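Student: Sharing a structure, written as structure tokens. Questions coming.
In the UniProt record's numbering, the protein residues as written are 1 to 352.
Written as structure tokens, this is what we have:
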């Protein structure tokens, strides 16, 4: 096993035993930590990461459910308890999992941490100067002020943090100081069901590669300056907006994957989406008021999509003109539960 593959596998020691994981998020974390092999011949990091994932599956280190393949964009997998123990033995003092009733001290050599929020664990964080990745969990009985203090402490203490996983937490405010985390590459706020706004300072994260906002059902709007995230490669979002502002997502020149999910009020995509020239995968999922037939027409479409997925769009009667023009590069087209859709792209002779 190569050194880089060994490092990719070792990171799995931060997983909860026998828990389900998504390959797309794991690959993004590997990218953020800089542990993937160096690209050759302009190969995308996402493709390199997927090759590493497949190799670990082939070695029976990951257990993949073939029925849970998310349209060849992501796969659900788990790590068997014995394999998890093997990963822990590789990381030794570089990884730690700290639960709610854990009285152990955390070694200052730890770089990858999974921790449950409480006042006792908060006191243990100050000496972790080498931390690169933290996955924060909540038991459900901590007050919001404790959560806010925990988040603020993480932001002020971990100057070299690259991975900040706050998925499945519920807190109302992400501290404005998030904008000071200059080395942050991965921020996961998935399924925060009470957060209404993001601080504008989040748009200062010039190194951010992955931003997960899916399931943030109360999020009132995406920051207008999101286009300043020049390194962003993956964006998954849920918002209550009816329209996404021009000059935002359309300025993300590094964006490879865009997922627009559960946006119940969304009526239109931004016209400048066609300027996302690096975009390869586009997912539009459960947007009840969105009719793609009304989308913009542009004679000079720059999109070169590989995969396009639309799922549960009850108002969509036709596919957008820009998809017709970008169909030459399209490898996979998935259309699911779009009852009013009348036809497929004319230039696409083979559709999966």
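Ideal Cβ placement from N, Cα and C applies to all residues, glycine included.
Predicted, not measured: the structure shown is a model, and the values here were computed from it.
Assess contact between the region 21-40 and the region 180-200, defined as three or more Cβ pairs (one per stretch) separated by less than 8 angstroms. Is contact present?
Tutor: The region 21-40 vs the region 180-200: in contact.
Student: What does the alpha-carbon distance come out to for the pair residue 195 and residue 1?
Tutor: Approximately 42 angstroms, taken between the alpha carbons.
Student: Check whether the Cβ atoms of residue 163 and residue 32 sit closer than 8 angstroms, and answer yes or no.
Tutor: Result yes, Cβ atoms of residue 163 and residue 32 sit closer than 8 angstroms.
Student: Taking all protein chains shown into account, decide if residue 320 is buried (16 or more other Cβ within 10 angstroms of its Cβ) or exposed.
Tutor: Buried: at least 16 other Cβ atoms inside 10 Å.
Student: Which residues in the same chain as residue 119 place their Cβ atom closer than 8 angstroms to its Cβ, once the five residues preceding and following it in sequence are excluded?
Tutor: Only 146 meet the Cβ criterion.
Student: Does the Cβ-Cβ distance between residue 219 and residue 238 come in under 8 angstroms?
Tutor: Yes.
Student: By how many angstroms is the C-alpha of residue 230 removed from the C-alpha of residue 265?
Tutor: Approximately 27 angstroms between the Cα atoms of the pair.
Student: Could you tell me which residues DSSP pairs with residue 243 in its beta bridges?
Tutor: DSSP output for residue 243 lists 268 as bridge partner(s).
Student: With a Cβ-Cβ cutoff of 8 angstroms, do residue 86 and residue 98 count as a contact?
Tutor: Not closer than 8 angstroms, so no.
Student: Just curious, the alpha helix (DSSP H) that residue 27 is in, first and last residue?
Tutor: Segment 23-33, the alpha helix (DSSP H) holding residue 27.
Student: Per DSSP, which one or two residues make a beta bridge with residue 188?
Tutor: Answer is 165, 212.
Student: Below 6 angstroms CB to CB, which residues in the same chain sit around residue 13 once its five sequence neighbours on both sides are set aside?
Tutor: Excluding sequence neighbours, residue 13 sits near 87, 88, 91, 95.
Student: Within 10 angstroms of its Cβ, does residue 257 collect 16 or more other Cβ (buried), or is it exposed?
Tutor: Looking at its Cβ environment, which holds 16 or more other Cβ atoms inside 10 Å, residue 257 is buried.
Student: If contact is defined by three or more beta carbon pairs under 8 angstroms, each pair taking one atom from either stretch, is the region 305-324 in contact with the region 334-341?
Tutor: The answer is yes - the region 305-324 touches the region 334-341, with three or more Cβ pairs under 8 angstroms.
Student: Between the alpha carbons of residue 49 and residue 148, how many angstroms are there, rounded?
Tutor: So the two alpha carbons sit approximately 33 angstroms from each other.
Student: For the ligand NAD, is there any heavy atom lying closer than 7 angstroms to the beta carbon of residue 337?
Tutor: Annotation note on the ligand NAD: not contained in the displayed structure, which lists no ligands.
Student: Provide the residue(s) that pair with residue 76 in DSSP beta bridges, ordered along the chain.
Tutor: 22, per the DSSP bridge assignment.
Student: Would you grab the beta carbon distance between residue 111 and residue 132 for me? Rounded to a whole angstrom, and I think it's under 8 angstroms.
Tutor: Indeed, because the Cβ distance is near 5 angstroms, the residues count as touching under 8 angstroms.
Student: Since residue 236 sits in a beta bridge, which residues does DSSP pair it with?
Tutor: According to DSSP, which records beta bridges pairwise, residue 236 is partnered with 212, 259.
Student: By alpha-carbon positions, which one of 109, 127, 139 ends up nearest to residue 115?
Tutor: Closest option to residue 115, Cα to Cα, is 139.
Student: Excluding the 5 residues preceding and the 5 following residue 284 in the sequence, name in chain order all residues of the same chain whose CB lies nearer than 6 angstroms to its CB.
Tutor: Taken in chain order, the residues that qualify are 260, 310.
Student: With residue 84 and residue 15 assumed to form a contact (beta carbons below 8 angstroms), what rounded beta-carbon distance in angstroms separates them?
Tutor: Rounded, the Cβ-Cβ distance is 7 angstroms, consistent with contact.
Student: State the start and end residues of the unbroken alpha helix (DSSP H) segment that holds residue 371.
Tutor: Because residue 371 is not part of the residues shown, which for the chain are 1 to 352, the question remains open.
Student: Could you tell me the boundaries of the beta strand (DSSP E) in which residue 95 lies?
Tutor: Segment 95-98, the beta strand (DSSP E) holding residue 95.
Student: According to the neighbour-count rule (16 or more other Cβ atoms, all chains shown, within 10 Å of its Cβ), is residue 251 buried or exposed?
Tutor: With 16 or more Cβ atoms within 10 Å of its Cβ, residue 251 is classed as buried.
Student: Out of curiosity, what's the CA-to-CA distance linking residue 3 and residue 11?
Tutor: Those two C-alpha atoms are separated by around 13 angstroms.
Student: May I have the straight-line CA-CA distance separating residue 176 from residue 204, to the nearest angstrom?
Tutor: C-alpha separation (whole angstroms): 11 angstroms.
Student: Excluding five sequence neighbours on each side, which residues of the same chain lie with their C-beta closer than 6 angstroms to the C-beta of residue 17?
Tutor: Answer for residue 17: 81, 84, listed in chain order.
Student: Taking the straight line between their C-alpha atoms, what separation do you get for residue 150 and residue 329?
Tutor: About 46 angstroms.
Student: Considering Cα atoms alone, identify which of 121, 211, 232, 269 is closest to residue 165.
Tutor: With distances taken between Cα atoms, residue 165 lies closest to 211.
Student: Following the continuous alpha helix (DSSP H) through residue 152, name the residue where it begins and the one where it ends.
Tutor: Unbroken alpha helix (DSSP H) run through residue 152: 144-157.
Student: To the nearest angstrom, report how far apart residue 73 and residue 305 are at their CA atoms.
Tutor: So the two alpha carbons sit approximately 13 angstroms from each other.
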